[in-house]
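Heads up: the sequence lines are chains A and B, in that order. Quick note on numbering: the numbering used here labels position 10 of the first sequence as 10, and the sequence is numbered without any gaps. Quick note on numbering: the numbering used here labels position 460 of the second sequence as 460, and the sequence is numbered without any gaps.
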Amino acid sequence: MKPGGILVLLAACLAACSNEARTIGPAMPQTLPSGDADPRIGAYQENAYQVSQGRRYFAWYGCSQCHAEGGPADRDLTDGKWRHGGGFAQVYASVASGHPEQDFVRRIAIEQLWQITAYVRDLPTHTAEKRYRLLVDQKGEAQGSSWNGPQ
Amino acid sequence: MTPDPARMDALDATWKDKPGLWGFLTTVDHKRIAARYIVTALLLMFLAGVLALDMRWQLSVAENTRMGPQLYNESFSLHGSTMLFLVSVPVMEAMALWLVPLMLGTRNMAFPRLSAFSYWLYLGGVLTLWIAHALDITPDLGWFEYPPLSGPSYSPGHRADIWAQMITFTEVAALAASVNVAATILKMRPPGMTLARMPVFLWAMLIASLMTILSMPAIMLVTSMLISDRLVSTHFFAPAAGGDVLLFQHLFWFFGHPEVYIIFIPATGFVSSIVETFSRRPLFGHNVLVLAILAIAALAFGLWVHHMFAVGLPRLGNDFYTGASMAIALPAGLQIFCWIASIWSGRVVLHTPMLWIIGFLATFVIGGLSGVMTASASLDLQLTDTYFVVAHFHYVLVGGAMFPLFGAFCYWYPKATGRLMSERWGRVAFALIVGGFNLGFFPMHVLGLMGMPRRVYTYPAEMGWEWLNQVATAGSVIAVLGGLVFVGNALASYWRGAPSGPDPWGGSTLEWACPSPPPAWNFAYTPRVSSLTPMWEDASRIAVFDGIAVDRREVLVTSVTDAVPVYRQKSASPSIWPLVAAAAVSAMFIASIFTPWAIAAGLLPIGAALTGWFWPTRARATSGPLRARS
Ligand code: HEM
Ligand SMILES: [Cu+2]
């Protein structure tokens, strides 16, 4: 094969993995994941933008108030140990239905739950410095209890 | 001064590149390298122009759905970054690479291999940005990517890294070219060309190069800090951890403002050359022109904050930078008056290059006036981030730099190709581009005053912006059509144009003394200069020196102020190492988007390539501490 052909092929392969894709506005899921093999999972878990949206909702909905890094082991989400299972559907269920008092199923839109799940599952793959750096930029945003309604 | 054939054969044998691909890859001929630079930049200008048309299409109707917000963001980011970093700055350096040795009557640049390295690295930057674009990793935050938006938190993925690293590429390339140009102008002028007898063009290129050397480090620093924030989680731009987001803006604009003059000052060099030749008189106010360029260059480093009037700096600071920004209108105005006076008092010949100068004067003055308006901090609070700014910077960039560039292209085209471009099609292209541009961009001032923000992908019909946007789109289409005519003319004339001879315009400076196209060795003898317009003294009998080798690559080095011959310098031969070194540097730059270890690991291949590059060709010394011991 000619070098040009190889390049085109390489380009096509790289383009196929849509890690960088960025769609603004609601995308697919309006329903819960059907299981850990739901074909929609990749578009969230493997996508940088969706994971980062999850991080913002994580702070906005006040998740970070209890789930601080280095906190009690049962609340530390960064250690890669999942007490209720680490599959996508399992973590989704822990977020949505595992917090009865907060009533997240009703309060958080389904797509946002997908993004939050992807973010939470992404956490253990980064260093502590990186996680801190990502959160520190968001300090200026209204989060959890510091949110006092739409401006 | 016509050399005898035996001498030309000897020079050919010494200076000609090897034929074929190997010669192409190893060449250190400044003309070949510069031509590559120019062709690459023009190609990119075409691509970025297509993006611009696409954006104009999107904006021509309210609530248009041709593009969504993300695609629009990517389009203006790619358009702006390409036009500034990959077109305007490099093309000006390329013109210097091509012309400086010819105007100095010398045979090559001071650092021939550095020219080659500069181009290959620039090409690396071009490929980085545009291959990433093909892979849908297009930067989407505009041509200046401010944190925190461009920081790790709000720009996940690698789009911002691609932008930042593309800058690193082009800045290293620009530094390499600038050092080369400055050294060549300062140390390789022909005997007799004292600083006082140096044409304005060379002053412009020298000053622009020095500005590049002084301003580029700031941007390389700041984009590297951004990458390090993103890659290894430093806190330079994280206020909540003691960082400072404004630091980015200061460092960026400490480069960014001089950059517009790094683009504009070479253009003033083109204008000066063309005005002189076509007014058929030495430039009016040579010294004023040179001092004005120097003044612009100095002031340009003291007014970057006018890009930051809206970020909430202290009032007094804003006032100072308003004053400084307006002050630059003085030297700029002096220049304009000198050119007008030259035209007024000369015998003007209106060939296409000169037409472009007329187009430049008219358009640039409008851009300058809107510049004085945006320089006022109070007014700028209203104008910033509106279409008024889009109109302003296109007037200064296109009118102030691209029109002179097109004029320069037509002016030196016969020198480069030995053929004349068609005057008729040249006029058609001129009328379409200048007319279309003004039709397309003038309404944007009004749109801005009506409140249309820049960087919006659409607007509701009730705003009443629609018909002006349609006029703007129509104008852009006309201008782009003119661009196609221009390129078509250049291509057709390359094969069919009338032969031009060495000096079709009766030019004033030395480049017109060598054959068109210039041979690999440029000049058979070293010319001796006794005035600012050597070709007009007695063109048929320019005094020349012999004594520079014919059988090996050699150039004459002269003193900085008086251009007294100092010594004969060996000039580097063709080599593959600049390409290898640029490839190694490119690999390191790209890998360092993904892992910091790339910097350490990448040093090895770079070191190896540089060792090859600088491998001594001289025999070992026979005395001293490094002498060969047997
Ligand atoms: C026919 C030629 C051109 C057309 C039709 C055109 C059109 C446009 C349009 C529509 C935008 C986006 C405005 C917005 O929505 O904010 C833009 C932005 C820009 N253009 Fe052009 N342009 C042209 C040539 C050029 C040239 C030659 C240069 C530089 C030498 C240039 C430099 C820029 C820059 C720096 C931006 C700002 C990008 C940003 O906001 O980050 N343009 N242009
Ligand atoms: Cu400025």
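Glycine residues also receive a C-beta, built at the ideal position from the N, C-alpha and C atoms.
Any heavy atom of ligand 2 within a distance shorter than 6 Å of the CB on residue i?
| i | result |
| --- | --- |
| His250(B) | no |
| His99(A) | no |
| His392(B) | no |
| His257(B) | yes |
Decide if residue i is buried, meaning its Cβ has at least 16 other Cβ atoms within 10 Å, or exposed.
| i | result |
| --- | --- |
| Leu283(B) | buried |
| Val120(A) | buried |
| Cys514(B) | buried |
| Lys81(A) | exposed |
| Ser586(B) | buried |
| Met211(B) | buried |
| His84(A) | exposed |
| Leu186(B) | buried |
| Trp512(B) | buried |
| Gly464(B) | exposed |
| Thr363(B) | buried |
| Gly4(A) | With a pLDDT of 48 at Gly4(A), under the threshold of 50, the modelled position of this residue cannot be trusted; read the value that follows with caution. Exposed is the call here. |
| Glu171(B) | buried |
Could you have a look at residue i and say whether DSSP puts it in helix, strand or coil?
| i | result |
| --- | --- |
| Tyr567(B) | strand |
| Glu259(B) | helix |
| Arg32(B) | helix |
| Ala15(A) | Caution applies to Ala15(A), whose pLDDT of 44 falls short of 50 and renders its modelled position unreliable; the model cannot decide the point. |
| Phe284(B) | coil |
| Glu554(B) | strand |
| Phe545(B) | strand |
| Thr611(B) | helix |
| Pro453(B) | strand |
| Met1(A) | Confidence at Met1(A) is low in this model, with a pLDDT of 36, below 50, so the placement of that residue should be treated as unreliable; the coordinate-derived value is given next. Reduced to three states, the DSSP call for Met1(A) is coil. |
| Pro499(B) | strand |
| Arg419(B) | strand |
| Thr268(B) | helix |
| Pro527(B) | strand |
| Thr533(B) | coil |
| Thr127(A) | coil |
| Thr509(B) | coil |
Under 6 Å from any heavy atom of ligand 1, does the C-beta of residue i make it?
| i | result |
| --- | --- |
| Trp143(B) | yes |
| Val126(B) | no |
| Met83(B) | yes |
| Leu397(B) | yes |
| Ser370(B) | no |
| Met55(B) | yes |
| Ala52(B) | yes |
| Gly49(B) | yes |
| Met402(B) | yes |
| Ser88(B) | yes |
| Ser476(B) | yes |
| Ile218(B) | Contrary to the premise, residue 218(B) reads as Ala rather than Ile in this sequence. Checking every heavy atom of ligand 1 against the Cβ of Ala218(B), none is found closer than 6 Å. |
| Phe76(B) | yes |
| Arg66(B) | no |
With the cut-off set at 7 Å, would you say residue i and residue j are in Cβ contact?
| i | j | result |
| --- | --- | --- |
| Ala68(A) | Gln143(A) | no |
| Trp120(B) | Ala34(B) | no |
| Thr473(B) | Arg56(B) | yes |
| Gly269(B) | Ala204(B) | yes |
| Ala608(B) | Ala598(B) | no |
| Ser215(B) | Ala182(B) | no |
| Asn469(B) | Ser75(B) | no |
| Gly359(B) | Phe403(B) | yes |
| Thr526(B) | Leu556(B) | yes |
Taking the alpha carbon of residue i as the point to measure from, which residue in the options has its own alpha carbon closest?
| i | options | result |
| --- | --- | --- |
| Gly312(B) | Val245(B), Leu350(B), Phe301(B), Ile358(B) | Val245(B) |
| Thr533(B) | Arg281(B), Lys187(B), Ser153(B), Ala177(B) | Arg281(B) |
| Gln54(A) | Ala43(A), Ala118(A), Tyr132(A) | The sequence given here places Gly at residue 54(A); Gln does not occur at that position. Of Ala43(A), Ala118(A), Tyr132(A), the residue nearest in Cα terms is Ala118(A). |
| Cys338(B) | Leu361(B), Val349(B), Val39(B), Asn469(B) | Leu361(B) |
| Leu141(B) | Ser155(B), Val275(B), Leu294(B), Ala591(B) | Ser155(B) |
| Met45(B) | His133(B), Gly323(B), Ala110(B), Val87(B) | Val87(B) |
| Ile606(B) | Glu259(B), Ala490(B), Ala628(B), Leu579(B) | Leu579(B) |
| Ala498(B) | Val485(B), Leu78(B), Thr386(B), Leu420(B) | Leu420(B) |
| Glu63(B) | Ala619(B), Glu462(B), Leu510(B), Leu626(B) | Glu462(B) |
| Ala134(B) | Leu78(B), Ser345(B), Gly23(B) | Leu78(B) |
| Trp344(B) | Ile366(B), Gly285(B), His306(B) | Gly285(B) |
Tell me, please, whether the CB atom of residue i is closer than 7 Å to any CB atom in chain E?
| i | result |
| --- | --- |
| Ala164(B) | This model lacks chain E altogether; the protein chains it does include are A and B. |
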